[in-house]
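A short worksheet on the structure shown next.
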Amino acid sequence: MGGTQQSFWGHLDDLRAVVIKIGLVVVLFGVVAFFFKDELFRIILAPKNDNFVTYLLLDRLLGLMSVSSDGGFNVPLINTGLARQFVIHMKMAFAAGVVCASPYIIYQIFRYVSPALYADERKYAYKVVGSGYLMFMIGMAVSYFLIFPLTFRFLGTYQVDSEVSNLISLESYVETLVVMSVSLGIVFEMPVVAWLFAKMGFIGDDFMRKYRKHAVVVILIVAAVITPTSDIFTLLAVSLPMCLLYEGSIMIVRRTVAGNKHLASTPA
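Residues 2 to 269 in this note's numbering are what the sequence shown spells out, letter by letter.
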């Protein structure tokens, strides 16, 4: 292992220093986000407006297919508590601080852990951490630009009768956005986990193909658990990317297993 040997208290001091550094950077970014309230909530509330990029692209796509769109929509948000808006502002500023500081957080944690790894372990750790962080960010982006807007537009404008208006609270909107974004970020770790398990020899592509039907059932169950709403539209919207990720993971595992066999057959 690399680095010099340290006592337990030495490692504890290093860990405390890492936690303090991370906390200060998160607080710094959170304070900046708090004071840029208009810019912060312009981003957060953008998917509720009919001029959001996803809706514009969808309308353009429907136009190319000679299908008339249902036009614009307006779903107002309401506040249901005296201090609720301020509390939500604080929470979202903190969340923005964590997201903005996430590269630094990953760097500090990896910098603390890497001296305890062998050279080959450190090489794989770079790949897992880097690809895992990238896939998490992609998952959050997919949720923000695709899954959440489509879900919000469908549910926010759905009416059983024209006399029944939709009054959606700001708290419900923000909670749904955060839960779906974090959930999709975690779900998008599937190819990374599959690659790691294949590299360690735990699974193969034949195993994943054999249990594909079982995986679909598990995906539907997981999608039902992580979706904050109970409608079938959101369930399918979340399940589809998960199924595509599973199929992509099969291809990744196939290539990884083939690479493992090639290395095993290569003379030392």
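Backbone N, C-alpha and C fix where the C-beta goes; we use that ideal spot for every residue, glycine too.
Whole-angstrom Cβ separation of Ser-144 and Met-181, contact assumed at under 8 Å? 5 Å
With C-beta atoms as the reference, is Val-130 less than 8 Å away from Ala-199? no
Suppose you measure from the CA of Val-26 to the CA of Ser-163; what does that come to, to the nearest Å? Cα-Cα distance, rounded: 49 Å.
For Leu-78: DSSP bridge partner residues: Ile-169
In angstroms with no decimal places, state the Cα-to-Cα distance between Val-270 and Leu-78. No answer is possible for residue 270: it lies beyond the span of the chain, which begins at 2 and ends at 269.
CA nearest to the CA of Ile-110, picked from His-90, Ala-120, Tyr-134: Among His-90, Ala-120, Tyr-134, the Cα nearest to that of Ile-110 belongs to Tyr-134.
What do you reckon, are the CB atoms on Met-209 and Ser-250 nearer than 8 Å? yes
Run through DSSP, which three-state label would Asn-52 get? coil
Return the CA-CA distance between Asp-126 and Tyr-108, expressed in angstroms with no decimal places. In the sequence as displayed, the identity of residue 126 is Ala instead of Asp. So the two alpha carbons sit approximately 12 Å from each other.
Can you give, in chain order, each stretch of the alpha helix (DSSP H) that sits fully within the stretch 83–134 and has at least 4 residues? 85–114
With distances taken from CA atoms, which of Val-88, Thr-177, Pro-116, Phe-30 is nearest Leu-46? Thr-177
Whole angstroms are fine: how far does the CA of Thr-158 sit from the CA of Arg-256? Rounded to whole angstroms, Arg-256 to Thr-158 spans 45 Å at the Cα level.
Ignoring anything shorter than 4 residues, give me the alpha helix (DSSP H) runs that lie fully in the stretch 136–162, in order along the chain. 149–158
Is Tyr-105 near Asp-15, with beta carbons less than 8 Å apart? no
Who are the Cβ neighbours of Leu-168 in its own chain at under 7 Å, not counting the five residues just before and after it? Ile-79
What's the C-alpha gap between Val-99 and Phe-30? 8 Å
State yes or no: is the C-beta of Pro-192 within less than 8 Å of the C-beta of Tyr-56? If you check the CB distance, Pro-192 and Tyr-56 do not come in under 8 Å.
Just verifying my parser: in three-state terms, what is the DSSP assignment at Ile-220? helix
Report yes if the C-beta distance between Phe-87 and Gly-140 is below 8 Å; otherwise report no. no
Nonlocal neighbours in the same chain, by C-beta distance under 6 Å from Gly-205, ignoring five residues either side: Excluding sequence neighbours, Gly-205 sits near Val-258.
Do Phe-153 and Pro-48 have their CB atoms nearer than 8 Å? yes
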